[in-house]
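Engineer: This is the structure I want to talk about, given as structure tokens.
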Amino acid sequence: ALTFKLTNAVCETYNKSWIEFGLCRLRAVSRNKVCLNLNATLHYPVNNAIVKAQLMKRANGYKPWLYSVEFNACQFAKRRNNALIRLVWDLFKDFSSINHSCPYVGVQTVKDFYLRSEKLPSPIPTGDYLLLIDWVFGKKTQAATNMYFTFVEDL
Numbered sequence: 023a024l025t026f027k028l029t030n031a032v033c034e035t036y037n038k039s040w041i042e043f044g045l046c047r048l049r050a051v052s053r054n055k056v057c058l059n060l061n062a063t064l065h066y067p068v069n070n071a072i073v074k075a076q077l078m079k080r081a082n083g084y085k086p087w088l089y090s091v092e093f094n095a096c097q098f099a100k101r102r103n104n105a106l107i108r109l110v111w112d113l114f115k116d117f118s119s120i121n122h123s124c125p126y127v128g129v130q131t132v133k134d135f136y137l138r139s140e141k142l143p144s145p146i147p148t149g150d151y152l153l154l155i156d157w158v159f160g161k162k163t164q165a166a167t168n169m170y171f172t173f174v175e176d177l
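Reminder that position 17 of the sequence shown reads as 39 in my numbering, one-by-one numbering, no gaps.
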């Protein structure tokens with residue numbers, strides 16, 4: 023059996039006049055299921071959102087592993103033209119209120135999100151991972167969300 027489990031979530035804002043996190047918390051539902059609840063308030067309309075994401079794997083500290091991507095979230099919301107981003111989007115879309123095109127403004131939520139191995143096309147190696155996401159609005163990094171998770175493949 024494959025086991026995906028969120029282990030930590032860290033949300034940080036660098037400019038509270040632009041974005042604030044009201045909630046960034048994991049909730050254990052069962053031994054192998056942990057849900058993420060995230061609530062972010064955007065105080066100004068976001069018409070151009072750049073997302074910088076990097077997947078890290080733990081090996082004597084977290085090291086860059088396989089993926090590092092930067093994309094325009096507003097363009098992706100219109101076209102869904104990047105296969106890698108669409109894969110991650112398919113994990114989140116059922117749990118998120120961020121399922122429309124720009125502008126984004128007001129409260130944006132992710133409610134009861136959990137990782138589902140059946141949504142991934144191929145398994146990743148067993149280990150601890152960190153997904154670093156920087157949110158760039160107005161050409162400045164305004165916030166960061168870091169998601170830690172564990173993947174275990176029973177052989």
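Heads up, the beta-carbon is just placed ideally off N, CA and C, and yes, glycines get one too.
#1: Tell me the rounded alpha-carbon separation between Asp134 and Thr163.
#2: Are the beta-carbon atoms belonging to Val158 and Ala71 less than 9 angstroms from one another?
#3: Apply the 10 Å Cβ neighbour rule to Tyr89 and answer buried if 16 or more other Cβ atoms are within range, or exposed otherwise.
#4: Applying the 10 Å Cβ sphere with the 16-neighbour rule, what's the burial state of Thr29?
#5: Taking the continuous beta strand (DSSP E) assigned at Asp176, which residues delimit it?
#6: On the three-pair Cβ rule with 8 angstroms, is the segment 49-67 touching the segment 77-93?
#7: Using the Cβ count rule (16 or more neighbours within 10 Å means buried), how would you classify Val68?
#8: Determine the direct distance from the alpha carbon of Phe93 to that of Cys33, and round the result to whole angstroms.
#9: Considering only DSSP beta bridges, list what Phe114 is partnered with.
Structural biologist: Reading off the structure:
#1: 26 angstroms
#2: yes
#3: exposed
#4: exposed
#5: From DSSP, Asp176 is part of no beta strand (DSSP E); its letter is neither H nor E.
#6: no
#7: buried
#8: 20 angstroms
#9: DSSP, once it has assigned bridges, lists no residue as partnering Phe114.
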